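Residue numbers for the sequence shown follow my numbering, so the first one is 8 and each next one is one higher.
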Amino acid sequence: MEATPGGRREGDIKVMRKRLGLMIGLAALAGSAALVAMLLGHVAHNDIGLTRQAIRHSALIASAVIAVLLVA
């Protein structure tokens, strides 16, 4: 492999680009999930009539289930 003028190899640059793409994708996914969560909370509170406390308890349970699935 040839070294670039900065002293890095082409393989290193490809790995960094892949990691950067992964980080950007995860950031976009997290932002989208936050927007969807806010929208669902708004609909549940204003249209369905659930209390904020009921929404909070459901969100806590759902986040615990998601965390367990991600760790397992």
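The beta carbon of each residue, even a glycine, is placed where N, CA and C say it ideally should be.
Since we're looking at a predicted model, the values are computed, not measured.
Alpha carbon to alpha carbon, how far is V22 from R15?
Position 15 of the sequence shown, counted from the first residue, corresponds to residue 22. Position 8 of the sequence shown, counted from the first residue, corresponds to residue 15. Answer to the nearest angstrom: the Cα atoms are 11 Å apart.
Where do the N-terminal and C-terminal ends of the alpha helix (DSSP H) with I55 fall, by residue?
In the sequence shown, counting from the first residue as 1, residue 55 sits at position 48. First-last for I55: undefined, no H or E at that position.
Would I68 and G48 be called neighbours here (beta carbons separated by less than 7 Å)?
Taking the first residue of the sequence shown as position 1, residue 68 is located at position 61. Taking the first residue of the sequence shown as position 1, residue 48 is located at position 41. For the 7 Å CB-CB criterion, I68 and G48 do not form a contact.
Extent of the continuous alpha helix (DSSP H) to which R26 belongs:
Within the sequence shown, numbered from 1, the residue matching residue 26 stands at position 19. For R26, the enclosing alpha helix (DSSP H) has its first and last residue at 17-49.
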